[in-house]
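Just so we're aligned: the sequence shown equals residues 1 to 391 in UniProt numbering.
Each remark here refers to the structure printed beneath this line.
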Amino acid sequence: MSRFSLRSAFPRTPNPLSQAVAQRHARGLPLLDLAETNPTRVGLPPPDVDLGALPEPFGYAPEPFGLPSARKAVATHLRQRGTPVEAAHVVLGASTSEAYGWLLKLLCDPGDNVLLPAPGYPLVDVLARLEGVHARSYRLPAVHGFGLDAGQVEAALDARTRAVLVVNPGNPTGHFLHEDELHALADVCARHGLALISDEVFSGFAWDTEAGRVTSVAGRALPCLTFSLSGLSKVAGLPGLKLAWLHVGGPAHARDEALARLEDVADAALSVGTPVQLALPALLAHAPRFQRVLLERVRGNRERLIRARPAGAAWDVVPAHGGWSAVLRIPHHPGEEATCLRLVEEGVRVQPGYFFDFSGGAYLVLSLLPTPEVFTAALEPLVRVLSPPTA
Numbered sequence: 001m002s003r004f005s006l007r008s009a010f011p012r013t014p015n016p017l018s019q020a021v022a023q024r025h026a027r028g029l030p031l032l033d034l035a036e037t038n039p040t041r042v043g044l045p046p047p048d049v050d051l052g053a054l055p056e057p058f059g060y061a062p063e064p065f066g067l068p069s070a071r072k073a074v075a076t077h078l079r080q081r082g083t084p085v086e087a088a089h090v091v092l093g094a095s096t097s098e099a100y101g102w103l104l105k106l107l108c109d110p111g112d113n114v115l116l117p118a119p120g121y122p123l124v125d126v127l128a129r130l131e132g133v134h135a136r137s138y139r140l141p142a143v144h145g146f147g148l149d150a151g152q153v154e155a156a157l158d159a160r161t162r163a164v165l166v167v168n169p170g171n172p173t174g175h176f177l178h179e180d181e182l183h184a185l186a187d188v189c190a191r192h193g194l195a196l197i198s199d200e201v202f203s204g205f206a207w208d209t210e211a212g213r214v215t216s217v218a219g220r221a222l223p224c225l226t227f228s229l230s231g232l233s234k235v236a237g238l239p240g241l242k243l244a245w246l247h248v249g250g251p252a253h254a255r256d257e258a259l260a261r262l263e264d265v266a267d268a269a270l271s272v273g274t275p276v277q278l279a280l281p282a283l284l285a286h287a288p289r290f291q292r293v294l295l296e297r298v299r300g301n302r303e304r305l306i307r308a309r310p311a312g313a314a315w316d317v318v319p320a321h322g323g324w325s326a327v328l329r330i331p332h333h334p335g336e337e338a339t340c341l342r343l344v345e346e347g348v349r350v351q352p353g354y355f356f357d358f359s360g361g362a363y364l365v366l367s368l369l370p371t372p373e374v375f376t377a378a379l380e381p382l383v384r385v386l387s388p389p390t391a
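Structural data, given as structure tokens:
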């Protein structure tokens with residue numbers, strides 16, 4: 001009889017919300033999806049790049065960290081955004097998920113742990129489990145607008161903690177890291193010998209400007225080992241092309257040892273396809289246009305949401321500064337799941353806050369990516385469910 005690893009045993013029972021969505025689809029009923037986060041499904045512009053016209057697209061030159069030309073293209077892209085980096089410190093992978101897996105192999109032995117922000121997107125805890133690593137949460141206090149509190153981080157670590165993850169801006173909270181938060185966190189990491197991992201896939205999607213905002217930890221003189229992650233999936237809206245990058249920084253001796261060890265890890269995978277690496281300069285040249293169109297969409301939908309809220313309503317839109325999502329604070333009664341199920345009955349899909357480990361209240365999470373037509377059509381039933389008439 002086959003024997004399987006306990007690390008691969010995940011719960012398989014559908015939750016009530018996914019069951020309700022499946023039942024609505026089975027009945028052939030329409031659903032306005034305010035949980036859609038795939039940029040290829042919402043009418044955003046694709047790049048004008050012919051991958052078949054690339055020189056030698058079927059050639060193969062195995063490079064553990066990626067082709068030099070592609071790494072240079074990433075470094076140039078980051079420098080144009082004000083992040084001074086060297087191509088020698090850039091590592092290419094097929095996705096940020098793969099990059100996380102590499103970092104967990106690099107930094108952790110089985111039984112070690114990493115600290116993850118809560119609320120946050122539920123991905124790294126799954127990836128950690130697959131590596132035999134534990135995930136521990138540190139809270140992002142709502143009273144701080146879900147900003148980082150270094151004291152919460154330090155209180156959550158133990159003797160087997162090896163790294164701290166920040167998501168900048170938060171997903172789905174939309175809070176950017178600030179200079180004082182970063183330096184306090186870097187001090188905690190340096191004193192405890194921890195690496196700092198910064199997921200920056202949404203950092204190019206700020207809705208406004210703000211003093212003291214941090215967009216990247218790359219290229220900064222911090223006292224701890226740092227890794228910053230991003231990729232084509234969000235930067236250019238191209239998740240299907242499977243290319244991401246991580247930048248390795250921090251004190252030179254720690255950075256250089258990390259790169260040497262990462263080379264062995266990456267050499268075992270050689271995961272990035274040649275055509276996408278050859279096309280990378282053109283794909284990154286498309287990114288500013290994609291981001292302009294997406295930001296116009298996101299800002300517009302958020303404004304529609306704010307304008308739709310009735311004066312004195314018992315729910316509100318949580319303040320935020322970037323990303324692709326909006327978070328609503330709603331009454332405790334009837335609560336997240338009951339509200340989501342009622343919205344499905346009304347033909348609208350949103351996500352409950354517990355999917356993202358919100359606590360201390362009831363929340364809903366909405367994608368701001370749908371077309372203005374879809375988003376506007378969803379607002380009437382959304383407001384009706386959230387703002388029932390009083391007796």
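Backbone N, C-alpha and C define an ideal beta-carbon position, used for all residues, glycine too.
Mapping DSSP to helix, strand and coil, what is residue i?
i, result
"F176", "coil"
"H247", "strand"
"G240", "helix"
"Y138", "strand"
"D199", "strand"
"S228", "strand"
"S8", "helix"
"Y60", "coil"
"G204", "coil"
For residue i and residue j, I'd like the C-alpha separation in whole angstroms.
i, j, result
"A362", "G353", "7 angstroms"
"D112", "A26", "44 angstroms"
"G93", "P381", "42 angstroms"
"G300", "P372", "8 angstroms"
"P119", "P55", "45 angstroms"
"V85", "R255", "13 angstroms"
"V164", "L106", "14 angstroms"
"A378", "A142", "27 angstroms"
"G335", "L278", "50 angstroms"
"P331", "F355", "17 angstroms"
"P117", "S137", "6 angstroms"
"V317", "I306", "7 angstroms"
"R349", "G240", "24 angstroms"
"P122", "P30", "28 angstroms"
"H77", "R304", "33 angstroms"
Return the residue from the list the options that minimises the CA-CA distance to residue i.
i, options, result
"P39", "C340, S359, R289 and A236", "A236"
"S367", "P389, D33 and E257", "D33"
"P388", "S230, R309, Q152 and L294", "R309"
"V248", "L222, T274, A218 and V272", "A218"
"I197", "A206, L185, G204 and F205", "L185"
"G323", "E345, A313, R302 and D316", "R302"
"V188", "F202, D199 and L222", "L222"
"E181", "E131, A159 and L140", "L140"
"S5", "E257, E131 and P16", "E131"
"N168", "R136, L115, L229 and R307", "L229"
"G231", "L157, E200 and E257", "E200"
"R297", "A206, D357 and R329", "A206"
Taking all protein chains shown into account, decide if residue i is buried (16 or more other Cβ within 10 angstroms of its Cβ) or exposed.
i, result
"P11", "exposed"
"Q351", "buried"
"A155", "exposed"
"P16", "exposed"
"A391", "Here the model assigns A391 a pLDDT of 49, short of 50, so the residue's position is not dependable and the matter cannot be decided."
"T13", "exposed"
"A75", "buried"
Cβ contact check for the segment 209–218 and the segment 51–66: 3 or more pairs under 8 angstroms: no
Meets three-Cβ-pair contact criterion under 8 angstroms: the segment 138–151 and the segment 160–177: yes
At least three beta-carbon pairs within less than 8 angstroms, the segment 83–91 to the segment 240–259: In short, these stretches touch, since the Cβ pair count reaches three.
Any 3 or more C-beta pairs closer than 8 angstroms across the segment 125–132 and the segment 286–294: no
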